[in-house]
Each structure stands twice: as C-alpha cells, then as structure tokens.
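Below you'll find the structure, written out as structure tokens, and then a few comments.
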Amino acid sequence: LNLLKRGGITVQTTLDTRVQRLTQDSINAQVPIGNKSKVGAAAFVAEPGTGKVLAFAQNTKYGNGGWGNTQINWAVNTQYGGSMGFQFGSTAKAFALLTAMESGMTTRSTVDAAAAGDTPHTYQPDEFGDTCGPGGPWQVTNDTPFRGGAISLMQATALSTNTAFVALAQEVGTCNVRDTATRLGLTQANGEPIGHYAPEIILGSDEVAPQSVANAYATLAAGGQRCDMYPVTQVIQNKKVIWQPKPKCEQVADPDAVAAVDQFLMYNMTNGSGKLNQLRGRESAGKTGTSNKSNES
Numbered sequence: 146l147n148l149l150k151r152g153g154i155t156v157q158t159t160l161d162t163r164v165q166r167l168t169q170d171s172i173n174a175q176v177p178i179g180n181k182s183k184v185g186a187a188a189f190v191a192e193p194g195t196g197k198v199l200a201f202a203q204n205t206k207y208g209n210g211g212w213g214n215t216q217i218n219w220a221v222n223t224q225y226g227g228s229m230g231f232q233f234g235s236t237a238k239a240f241a242l243l244t245a246m247e248s249g250m251t252t253r254s255t256v257d258a259a260a261a262g263d264t265p266h267t268y269q270p271d272e273f274g275d276t277c278g279p280g281g282p283w284q285v286t287n288d289t290p291f292r293g294g295a296i297s298l299m300q301a302t303a304l305s306t307n308t309a310f311v312a313l314a315q316e317v318g319t320c321n322v323r324d325t326a327t328r329l330g331l332t333q334a335n336g337e338p339i340g341h342y343a344p345e346i347i348l349g350s351d352e353v354a355p356q357s358v359a360n361a362y363a364t365l366a367a368g369g370q371r372c373d374m375y376p377v378t379q380v381i382q383n384k385k386v387i388w389q390p391k392p393k394c395e396q397v398a399d400p401d402a403v404a405a406v407d408q409f410l411m412y413n414m415t416n417g418s419g420k421l422n423q424l425r426g427r428e429s430a431g432k433t434g435t436s437n438k439s440n441e442s
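Okay, so the sequence shown: first residue is 146 according to my numbering, each after it adds one.
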C-alpha cells in the first residue's frame, strides 16, 4: 500500500478502454445516473478463454451524498469492494440446460411441465428426489401462461417457462444443477457456493454479483473452459516486473454439451426474451433473467 501511495510503479491492466466506454455509455443510456426511478444498473465484461477483465461499470458516481453516488462497486464480488449481490433470476436456467445435455438429453428433448401463469403451481419438498428441494411449499408462476403438459426445452428456454425448468431439475437432479453452476464458476457475491434450495438453484433467487455471472457464462462461451479472472497483467518498478498473475484455465464441462446449450441460448436471442438485445452483424447467445420486483439480470 505504501508503494502505491509513493508512486514509482506502473500497473498494466487488462481493461479495454473502448469496451469500458461502450459499457458505461450503454448503462447511462438505459438507466441514467441519479434517475428519478432510483433504478440501479451494473455490468461486468470478461473475455472468454483467457479470464481477462475487459470492463465493469455502473450508473453511479464515486462518493457519498444521495442517490447516484456510492463507494460500493456493484459489479464485483464482496471481497473486491462489491455489495452483497443481486438475485440472478432466469440466467440460472443455462446451468440446468448444461446438466441436462451432459446427462444425455438433446436439443430436441421435452419435459412434462405443470400448468401455471399468474396463478402459481405449488410444489412440495417431497417432489424432489435429492436434498436440494424447497424448504416448504413453493409457489411458482410463469410470466407467459402455460396450460401444462409436454414442452420442448427449446421452447421452454425461449418462453423462460419456470415450471418447465422445475420439471427439468427434478429429472436431472437439483443438486446436480447446483454442482454444474459451481463448476462453471458461479458463486454468491461473498464467494460462497450458491444455496441448496430449489428456488436459488433453478430460478436464481440467491444473490450474486455480475462478476460471478460473467465468469460462468464466459465458461460457456469458451466451450466449457473456465479461466481465473484477472484485471492486472503485471506491476513494474524501475523497468522490472515485481508482480504478475499466473492465471490458469481448466476444462470443466463437456464441449459437445456446451455447444448444445449454446443452441438454446442462440434460439433465445432470435425467438425469445433476447430478441431486443441482438448484437449487430454477428450471432449471439444469451439468457435474460428477471428476479423479485422485476429486477433484470
């Protein structure tokens, strides 16, 4: 710390000024700093296959004194000065899809889902075959009403049908879905594994940081290769490198299964909730998530 305060060192980072500017501009355009609705937003951008942190931003200024000012970095985990995190909602569904693909299901597979819309379907703990069920009766609604019965996983992904993903988790094992999320790099904002309860695992009711979601989705984008994230490449003093990270990557998921998940996420971008978030001139894959009180992830 004293060395940093005295100066005389050069810190080289992985941050991309162009990506950083675009990230901040995009946030400000959608949810301006100090907006009257008091809506907060944060983003974290990582490079798949390397672990390089390219950008992170939020719609605040650094400081205290009213809405739009904070000293907390919402985009990162608690250990890096972040908050306690935010619910990640239906972005959790990618982990159920990967678990299903690794278990032998395909992009043409279907599940038998319960009917629900604004009127919920209630699940009981004994309907789950492992220790990762709900803690009590669990009421699940669907944003797009579903009358019940067979539904393809592809359509369930595009419509983000909650009861279909509950059915999927029941089939492949809710604890297995949790293990998949952990394997890909997802943690709570405090660094601990996500919770053991079905709502946390299947529908993302646990609280994570954008950094953690970016880490897990970067693993999917890299064909199942999870890389340690790092924002600094080296620290130099008097033309001598006095510190540099030793990032590593590890294959944590079957590449063919990941490629199948990418098909679901690409379909979601063209036929589902991602239609308004297409990337210009290139294919994209992704999953939106809405948590309690309609917060988006």
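C-beta: ideal position from N, C-alpha, C; glycine also.
| query | result |
| --- | --- |
| Enumerate in chain order the residues of its own chain whose CB-to-CB distance from residue 192 is below 6 Å, with the five nearest sequence positions on each side excluded. | 199 |
| Quick check: the stretch 341-358 against the stretch 387-398, are at least 3 beta-carbon pairs closer than 8 Å? | no |
| Beta strand (DSSP E) containing residue 190: first to last residue? | 187-191 |
| Using the rule of at least 16 other Cβ atoms within 10 Å of the residue's Cβ for burial, across every protein chain shown, is residue 338 buried or exposed? | exposed |
| Excluding the five sequence neighbours on either side, which residues of its own chain have a C-beta within less than 6 Å of the C-beta of residue 364, listed in chain order? | 329, 330, 371 |
| Helix or strand or just coil, what does DSSP make of residue 202? | strand |
| Could you give the DSSP three-state label for residue 346: helix, strand or coil? | helix |
| If you draw a straight line from the C-alpha of residue 391 to the C-alpha of residue 379, how long is it? | 10 Å |
| The alpha helix (DSSP H) with residue 159 in it runs from where to where? | No alpha helix (DSSP H) holds residue 159; DSSP gives it neither H nor E. |
| In or out: residue 260 buried (at least 16 other Cβ within 10 Å) or exposed? | exposed |
| Could you give the C-beta distance for residue 334 and residue 228, rounded to a whole number, given that I count them as a contact under 8 Å? | 7 Å |
| Measuring straight from C-alpha to C-alpha, what distance separates residue 170 and residue 210? | 23 Å |
| On the DSSP bridge assignment, give the partners of residue 297 in chain order. | 255 |
| Can you list, in chain order, the residues of its chain whose CB lies under 6 Å from that of residue 394, leaving out five sequence neighbours each side? | 370, 372 |
| Could you work out which residue in 342, 221, 306, 428 is closest to residue 239 when comparing CA atoms only? | 306 |
| With three or more C-beta pairs closer than 8 Å as the rule, is the stretch 247-262 touching the stretch 299-317? | yes |
| If I follow the unbroken alpha helix (DSSP H) through residue 197, where does it start and stop? | Per DSSP, residue 197 belongs to no alpha helix (DSSP H) and is neither H nor E. |
| By how many angstroms is the C-alpha of residue 288 removed from the C-alpha of residue 315? | 20 Å |
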